[in-house]
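**Student:** Residue numbers (the numbering used here): 72 to 405. Every residue, glycine too, gets a C-beta built ideally from N, C-alpha and C. If you're wondering where the values come from, they're calculated on a predicted model, not measured in any experiment.
1. Determine the direct distance from the alpha carbon of residue 152 to that of residue 190, and round the result to whole angstroms.
2. Quick check: the Cα distance between residue 115 and residue 138, rounded to an integer number of angstroms?
3. Measure the beta-carbon distance from residue 211 to residue 223 and round it to whole angstroms, keeping in mind my assumption that it falls under 8 Å.
4. Decide yes or no for the touch test of the region 156–164 against the region 187–202: beta carbon pairs closer than 8 Å, at least 3 of them.
5. Using DSSP's beta-bridge definition, name the partner residues of residue 303.
6. Of all the options 253, 240, 247 and 303, which has the alpha carbon lying nearest to the alpha carbon of residue 291?
7. Is it a yes or a no for the region 257–266 touching the region 302–314, going by three-plus beta-carbon pairs under 8 Å?
8. Using the C-alpha atoms, what's the distance from residue 300 back to residue 308?
9. Between which residues of its own chain and residue 106 is the CB-CB distance below 8 Å, once the five residues before and five after are set aside?
10. When DSSP labels each residue in this structure, what does residue 102 get in the three-state scheme?
11. State the DSSP-derived secondary structure class of residue 115, mapped to helix, strand or coil.
12. Name the one or two DSSP bridge partners that residue 255 has.
13. Which one or two residues does DSSP pair with residue 132 in a beta bridge?
14. If I measure Cβ to Cβ from residue 197 and keep anything under 7 Å in the same chain, skipping five residues before and after, which residues do I get?
15. Using C-beta distances below 6 Å, list every residue in its chain close to residue 255, excluding the 5 sequence neighbours before and after it, in chain order.
16. Could you tell me the distance, in whole angstroms, from the CA atom of residue 206 to the CA atom of residue 143?
17. Residue range of the beta strand (DSSP E) that residue 199 falls in?
Dropping the structure here:
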């Protein structure tokens with residue numbers, strides 16, 4: 072079913088709010104700041120006033136609404152403005168910090184009010200951008216010395232876009248003419264930085280560039296392997312040094328432990344010898360005490376008597392018995 076038949080079958084809304092985001096009809100009041108109706112062909116009217124005071128507003132088809140962009144935005148999409156085209160609309164101007172401050176003179180206010188934003192163009196006002204071609208191996212450049220390649224169609228005729236981080240190095244090694252390919256911008260704060268992805272070279276150097284890139288990849292792979300080998304050797308060296316340190320520390324610790332063991336054993340032997348000597352002395356004293364416990368005690372002043380005759384010895388023995396015998400003395404005459 073064609074769009075014309077759909078429009079004839081689709082009933083037109085009666086309320087103003089129903090026109091907002093309607094798939095087939097639109098009111099100019101509901102357009103966004105970057106939208107425009109072209110051509111302005113009315114397909115009906117709607118009363119936006121009251122029954123007493125009618126205010127008719129034209130109705131347009133949704134297919135006549137166009138998205139507008141600035142010339143720079145169209146250029147980043149690989150399109151350029153056709154010669155002689157006039158902007159259909161201007162964007163809202165961005166008020167600077169100076170414009171936000173109040174002015175005392177009216178002339179400054181008139182200038183700020185009359186300032187316009189960026190000119191906006193519709194798609195039918197643009198054409199495909201065709202960059203200058205590569206001639207005799209030379210790559211065209213912009214004012215900054217690089218080449219804008221926002222879309223594939225912006226690659227110049229006779230050139231090829233080599234997307235590789237080492238493409239610039241390969242082109243310098245080969246000595247071929249090349250230009251950095253700017254594929255976009257990154258914005259941090261209010262500063263934009265160009266994003267460079269590879270280079271653009273003449274098509275006749277493409278095979279040489281691919282071969283050089285393969286060689287650079289192999290070289291990088293070898294360097295990475297050598298770096299990994301050096302790192303592994305460094306780690307092994309560190310590991311072996313650690314083992315040697317642990318072994319040396321273990322040797323020092325064993326010597327100290329051996330000295331402590333010898334000292335401990337020496338002290339233990341000396342202690343056991345002292346204890347054995349004390350036990351031997353105590354045993355000798357005990358034996359001497361036992362030997363002394365079986366004899367008698369001499370009377371005070373008594374000593375070893377000189378040799379005497381037998382009768383004298385007998386009398387001395389009798390006298391001695393009287394000296395040591397206990398009890399009452401015998402009565403005389405008994």
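**Tutor:** On the basis of the data shown:
1. 11 Å
2. 23 Å
3. Incorrect: roughly 16 Å between the Cβ atoms, too far for contact.
4. yes
5. BP columns for residue 303 are empty, so no partner.
6. 240
7. no
8. 12 Å
9. 136, 137, 138 and 139
10. coil
11. strand
12. 266
13. 96
14. 145, 150, 151, 152 and 153
15. 266
16. 27 Å
17. 197–199
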